[in-house]
Structures are given as structure tokens and as C-alpha cells.
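Participant: Protein sequences, first through last, are from chains S and X.
Quick note: the first sequence uses this note's numbering, first residue 1393, plus one each step.
Quick note: the second sequence uses this note's numbering, first residue 19, plus one each step.
Beta carbons: idealized from backbone N, C-alpha and C, even for Gly.
Mind having a look at this structure? Questions to follow.
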Amino acid sequence: MSTPVVFDAASRVYPGSSTPAVDSLDLEIQPGEFLVLVGPSGCGKSTSLRMLAGLEDVTSGAIRIGDRDVTHLRPKDRDIAMVFQSYALYPHLTVGENMGFALKIAGAPKSEIQARVADAAKVLDLEPYLDRKPKALSGGQRQRVAMGRAIVREPQVFLMDEPLSNLDAKLRVSTRTQIAALQRRLGITTVYVTHDQVEAMTMGDRVAVLKDGVLQQVAAPLELYDRPANAFVAGFIGSPAMNLGTFRVEDGAALVAGARVPLPRATTAALTEGEVVLGFRPEALEMVPAGTEGAFPVEVLVAEELGSEAFLYGTLAAELKDPQLVARVAPRSVPEKGSTVHFRILPERLHAFSVSTGEALPTS
Amino acid sequence: MSRRPRGREERSIVASIGLHATLLGAVVIALFPVVWVFLASLKPKSAIQSSEIALFDQPSLENYRRVLLDTSFPTWFLNSVVVALFTMAIGMAMSATAGYALSRFNFPGKRGLMWLFLITQMFPVAILIVPIYTIMANLGLIDTKASLVIAYCTVAVPFCTWMLRGYFDTIPRDLDEAAAIDGLGPFKTFWYVILPLARPGLAVTAFYTFLTAWGEVAYAIAFTLSDDKLTLGAGLQQFVPQFNPQWDLLTAGAVLIMLPASLVFYFAQKHLVAGLTAGGTKG
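Written out as C-alpha cells, the structure is:
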């Protein structure tokens, strides 16, 4: 019943531009899967989705839904439904008419339209609003109408283009869970675009990270977190972000602010330069007494106490990508601002990347 | 001396008097000719041309009776209604579809077309009468209503196309895309989504096209000859021959002409509401 979606070296070059917005994207989406496309703005994630929707021409390559090649089909012939970032509700139609519009155009009998709209309204808690116009709804309700319009269609694929970005922070979190739960229940293949890596991590079965139109890595959220394929993915996934810095390598160890951080043999063997990009997440840092092997001093700038955990922002006398270093520390006993503390990187949680290519180097 | 500070919604007495005097002046200037024509239409001919000025002088509807029964006025009136309605229908159909195409699609010659529409607006009617007359003569359309409808459309369509294109541009493209996903082709999108949202723009267009044809004189005189083909603008000229203007008939006719135009405006203004697209999209 569920349908796979395949991007087969699909590219999109905008007229008048020489660099492709999406550069030969290869992506297989499993039947019933919730796949999230994530990346910074301008990375081509929305363009990829619009290519799948048929709103954007495919310059080269192919896109398949199920076993149908839809590369040059019109949107209406693709059997997809889309939730727009702006919701794009029809302002002159009521909520019920908005949700049943596609069925009405397709010539479905009135009784069937009513039944399906009623079902969707029930699922989305929209029953009291069916006769209202969109302008009489709140942002969250409009978002649900946009969802309802997609659900009523019972399409082969759902496409969602940053559907939560217009909601306030709290509503975003609850709607996030609702959408994910709804998708699991309906079992309809879904492609979801967001720039928010937290949304990507929490909602997706798998996450595809894009940068400059090029697919960086597709993997399950934890896999992305634990084994990023390159420095970009490493820095993009995770909040607070991974600490990334370029360090000199001498005798099998990286020099971090005067301290020698030993590198695994596999890493040094794969090194081609005298420098390495090291990545370590905030929780990969361990506060240790001064003088411990591999410990480096950090001057505390800010401490963020969140109750359940605390983050410490400090400066390191070395070239970090982000001038600040973030460490997770035990809550309720954070070091004072201005003090100097010593950290050690947990060896099994160390990431290493090539300075020239940014590709991950083996660490074991 | 403590004076209560003025709130945002309040004005000083002087400002208030000045404002109302100005508005009153504007109203008088706007209404005077209309009211004067109306009052004159109730007077006998001798009273209209009399040097003594009175608001009422033996008021009666005699002028109206004579215009409606003793002249060709009803025929002209009907001709004008037919010509204006056809101009409105054809003009709106053409400018709405053209405006939508210019607003939403890219096609070769798009810029050229826009310029062409703009440039045709720059020629005064006086210059265009002769060439259009020649065209109409070649088409065998002289002394027909069709010649007027076509001529009026050449005036109204370019302007209305620009105006509607501007209006369509304010309707978010996301709605077109949502419609495309919902299974609508360009024509259905136009019909079911764009047109209902463009009601205010269409109302203005309807009114404009109607007026273009309703009171027009120059083309009407040039292209129609026989008395039963004349429209109001051309017909009324017969009431003002060079030496013996029939003010009684003219004023009564003028009042009658105002009625349909007012009626069209009444229906058009009902659709002049803002915020039709509110709530559809956000961000």
C-alpha cells in the first residue's frame, strides 16, 4: 500500500545560473518511511521537495514514485499532497471546503467528500471549525487545516515544506509529535523539509543532510549523530553544536592548547597532512583536575544552567571553528564565570576529519 | 493654567471648522452641476433659459415624458445598454485572462506585450478615429454596434489588463501551487481560485469598461450614422444643434443617463472589499 520514492541523479539548474540548486540527488525513500530533508537555507532541500511535487522542473535525472516515472508529469498526475510553509489555504473557502477541494475537483460524490472531511476533521480536532473561513482561525488551526487538506486526499506521498516554521515554539514541539504520530498511523511515505535539526532528529526515520545542493549523508538520526560522514554534518547535527577545530599533529597526537590529545592509530594512518580537524560534542568533554594527561585549560565565559543539565561556554587558546567551546557539565555546581577549568576529551567519542576534504577519518 | 492634553482622536475647534468647511466645499463643487441639471430638467424650456435664476419654476415631469415618448431617446438608450454590456463582458473576459497570463506565466514576447498595451494608451482618441474607421469600413462594420464594442475594447482592455495583472500579482503564488497539487490545471485554477479572490479588481474593471462605452461620444459619432443605431452620446448631440439648443430635452436625458451608470457603480462597489486573501497564507 505504501509507496517508495526514488530520486535518480535528479538535478535542477535554475535558468541563468551555472551552479545547480540540486546537484544529481540520489535518494531512495522506503515505503511508509518518514524522511527528513535538512540543511541550512539555500541548500536545495525545498527545491528537491518541489521537484518531487512537480512544481519545479527536473533538469536532468529522474524521479520515481512507486514504479511510475513522474519526472515530467504534472503535479496533479503524481498522486501527492503537500503542506506548504505558508499553508496556502484557499481564503474564500471554508475549512471543510478547503479540505474537500481536491476531491470535489476530482469529481468524488458529495457523500464521500463529506465523510472523508469529517474523518480528517476528527483526527485533527477541527470539527467545530468546519464552517469557518481560514482568516477566523489561529495559526495552529490553520496549520492543521493544511494537514487536513493533505490527509483527506489519501495520497501516495505526503510532502511537507517546513510546516511548523510559522508556529510559536511551544506549539511547534507539540505539533511535531502529532505529525510524527499521525504519519506512523497512516503509514504514508512522507518527505519533510526543515532547517531545524531538532525537528529532523526527532521526527525522521531517516534524515538526509544537504549542503549547496549536494547530499552529504542519509542515515537514521542517531547514526548521523554518532557517525557523521564529514565535518559539515558533524557541525550541523546536534544542539549545542559539536566543537570543531583544526589542530597540529605531532608524534601521533594532536596539540590542543598545549595538551597532547592522543589520536587512534587508524586516524594517524589515514592522515595526509600535518593537521587534523577534531570534533568533540559537548558531552564528550570531561572536567578533570589540571595536570591530567590530555587535559587542556578553558576559561569560562558563560555558564547556562538548565536544571537538568548545564552548558559551559569558554575560550580555548587554539583555532576552533566556532571561537567558543561548549561543554556539558553537571548541573547545580557549574564553575564560576572567569575561572579556568580543565577538560579532557573522552577518547571513544572523538571525531576526526581531514583538513582538506572534511571527510571523516577512521577513529578505531 | 492646566489644559487637558488632547487625545489622539481629538482635534482643536479651529482645525475642526477648517476641515468641515473644506469637505463641505468639496461636496458642493462635486454635487452642484448634478443638482443643477436635475433641477433644470424639471423646468419648462423657457425657464431654463431665463435670466432669472430660481431653484424651482413650474416643476413637472413634462420634459421626461417628451424625451421618452417624442424622441428616439429610448432606442439610443437601448443601443447604449447593449454596447456597454457587451463591452463590459468582452473587455473583462479578455483583460482578466490576459492579466492572469501576464501575472503567472513566462512566455516569449511577454515584455513586448506589456509595452504594447502601455503604448496604445498614449494615443489620443482623435488620432485613432480615422485609422479605426478605415479598419471598420474594410470589415464592413460601419454603422453597427459591433464596431463600437470593438473600438471601446481597444480602449478598455489594455488598461484593464494592466490593472488586473497588478491585482493578480497580489494573490500569493502559493495558492496556485496548492491548486496545482489539488489537481487543477491553469484554467480551473484561474476560475476556482484566482477569480473569486480578485473580486474587487474585477468590480473596478467592470465599472471602468462599462463607463468607457456608456457615455462615449467621439467613436459613436464617427462609426454610427442612422438614427436607430445611435448610442446616447451621439444621440444627445441632436438636442444641441448650433442655434437652438433644446435644454429641456437635454437635461432630462442627462439625468436618465446617470441612472444605469449609478446602478452599475452600486453593484460594483459592493465588491470593493479589502482583505479577501487574508488568512490564506502566512509568512
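Is the Cβ of M1491(S) closer than 8 angstroms to any Cβ of chain X?
Facilitator: Not one chain X Cβ lies under 8 angstroms of M1491(S).
Participant: When DSSP builds the beta bridges, which residues end up paired with Q1609(S)?
Facilitator: Partner(s): V1601(S).
Participant: Return no unless some Cβ of chain S is closer than 8 angstroms to the Cβ of V211(X).
Facilitator: For V211(X), the answer is yes, since a Cβ of chain S falls inside 8 angstroms of its Cβ.
Participant: So with CB distances below 7 angstroms, who are the chain S contacts of D200(X)?
Facilitator: Under the 7 angstroms cutoff, chain S gives F1493, A1494, I1497.
Participant: Go to Y1705(S), then tell me how far its beta strand (DSSP E) extends in each direction, as first and last residue.
Facilitator: Y1705(S) -> beta strand (DSSP E) spans 1702-1707.
Participant: For R1598(S), tell me which candidate among A1402(S), E1425(S), S1403(S), S1409(S) has the shortest Cα-Cα distance.
Facilitator: Among A1402(S), E1425(S), S1403(S), S1409(S), the Cα nearest to that of R1598(S) belongs to E1425(S).
Participant: Return the CA-CA distance between D1461(S) and Y1705(S), expressed in angstroms with no decimal places.
Facilitator: Those two C-alpha atoms are separated by around 51 angstroms.
Participant: Per DSSP, R1640(S) is paired with what?
Facilitator: L1647(S), E1667(S), per the DSSP bridge assignment.
Participant: Once the 5 residues before and after S113(X) are set aside, which same chain residues still bring their CB inside 7 angstroms of it?
Facilitator: Here the set comprises V175, C178, T179, L182, T223.
Participant: Answer with yes or no whether the minimum CB distance from A1480(S) to chain X is below 8 angstroms.
Facilitator: Yes - at least one Cβ of chain X is within 8 angstroms of the one on A1480(S).
Participant: What are the partner residues of S1452(S), as DSSP defines its beta bridges?
Facilitator: In the DSSP output, where bridge partners are listed per residue, S1452(S) has S1403(S).
Participant: Among S1409(S), G1532(S), P1467(S), which residue has its Cα nearest to the Cα of G297(X)?
Facilitator: For G297(X), the nearest C-alpha among the options comes from G1532(S).
Participant: I'd like to confirm the pairing. Which residues does DSSP put opposite H1734(S) in its beta bridges?
Facilitator: H1734(S) is bridged to V1680(S), P1689(S).
Participant: Do Y1521(S) and T299(X) have their C-beta atoms within less than 8 angstroms of each other?
Facilitator: Not in contact: Y1521(S) and T299(X) (Cβ atoms no closer than 8 angstroms).
Participant: Please list the terminal residues of the continuous alpha helix (DSSP H) segment that includes S1416(S).
Facilitator: Not the alpha helix (DSSP H): S1416(S) falls in the beta strand (DSSP E), residues 1414-1421.
Participant: Going by Cα to Cα distance, which pick from S1700(S), F1672(S), I1457(S), V1726(S) is closest to T1581(S)?
Facilitator: T1581(S) has its Cα closest to that of I1457(S), out of S1700(S), F1672(S), I1457(S), V1726(S).
Participant: Which chain X residues are close to D1525(S), counting only those with a beta carbon under 7 angstroms from its beta carbon?
Facilitator: One point to set straight first is that residue 1525(S) is Lys, not Asp, in the sequence displayed. Residues of chain X passing the Cβ test: G297.
Participant: If you follow the alpha helix (DSSP H) that H38(X) is in, where does it begin and where does it stop?
Facilitator: First-last of the alpha helix (DSSP H) with H38(X): 31-59.
Participant: Hey, is the region 109-126 of chain X in contact with the region 205-220 of chain X, meaning 3+ C-beta pairs nearer than 8 angstroms?
Facilitator: At 8 angstroms Cβ cutoff, the stretches touch.
Participant: Flag D192(X) as yes if its beta-carbon sits less than 8 angstroms from any beta-carbon of chain S, otherwise no.
Facilitator: Answer yes: the Cβ-Cβ gap between D192(X) and chain S drops below 8 angstroms somewhere.
Participant: Starting from F104(X), trace the alpha helix (DSSP H) in both directions and tell me its first and last residue.
Facilitator: Per DSSP, F104(X) belongs to the alpha helix (DSSP H) from 91-122.
Participant: Counting only the same chain and skipping the five closest in sequence on each side, list residues whose C-beta sits under 6 angstroms from that of Q1716(S).
Facilitator: Contacts found: Y1705.
Participant: With the cut-off set at 8 angstroms, would you say I1472(S) and Q1548(S) are in Cβ contact?
Facilitator: Against a cut-off of 8 angstroms, the Cβ pair of Q1548(S) and I1472(S) comes out as a contact.
Participant: Roughly how many whole angstroms lie between the Cα atoms of V1544(S) and Q139(X)?
Facilitator: C-alpha separation (whole angstroms): 49 angstroms.
Participant: Drop a sphere of 10 angstroms on the beta-carbon of V1669(S), count the other beta-carbons inside from all chains shown, and report buried for 16 or more, exposed for fewer.
Facilitator: Label assigned to V1669(S): buried.
Participant: Check each residue of the region 1414-1448 of chain S: if its Cβ is closer than 7 angstroms to any Cβ of chain X, include it; give the result in chain order.
Facilitator: Residues A1445, L1447.
Participant: Which residues mark the beginning and the end of the alpha helix (DSSP H) in which D75(X) is found?
Facilitator: First-last for D75(X): undefined, no H or E at that position.
Participant: Only counting runs of 3 or more residues, tell me where the beta strand (DSSP E) segments fall wholly within the region 1544-1590 of chain S, in order along the chain.
Facilitator: With a minimum length of 3 residues, the continuous beta strand (DSSP E) runs that stay inside the region 1544-1590 of chain S are 1549-1553, 1581-1586.
Participant: Where do the ends of the alpha helix (DSSP H) carrying R1720(S) lie?
Facilitator: Note, R1720(S): premise wrong, no alpha helix (DSSP H); beta strand (DSSP E) at 1716-1721.
Participant: Mind checking which residues open and close the alpha helix (DSSP H) that includes M132(X)?
Facilitator: M132(X) -> alpha helix (DSSP H) spans 128-138.
Participant: When DSSP labels each residue in this structure, what does N262(X) get in the three-state scheme?
Facilitator: Correct three-state label for N262(X): coil.
Participant: Which two residues bound the contiguous beta strand (DSSP E) that contains M1634(S)?
Facilitator: Run containing M1634(S): none; DSSP gives neither H nor E here.
Participant: Exposed or buried, V1625(S), counting other C-beta atoms within 10 Å across all chains shown (16 or more means buried)?
Facilitator: Flag for V1625(S) reads buried.
Participant: In chain S, what lies closer than 9 angstroms to E27(X) by C-beta?
Facilitator: Simply none; closest approach about 27 angstroms.
Participant: So, does the region 144-164 of chain X touch the region 94-113 of chain X, judging by three or more C-beta pairs under 8 angstroms?
Facilitator: Yes, they touch.
Participant: Ignore the nearest five residues each way along the sequence and tell me which others in R1534(S)'s own chain have a CB closer than 7 angstroms to its CB.
Facilitator: So the qualifying residues of the chain are Y1479, L1481, P1526.
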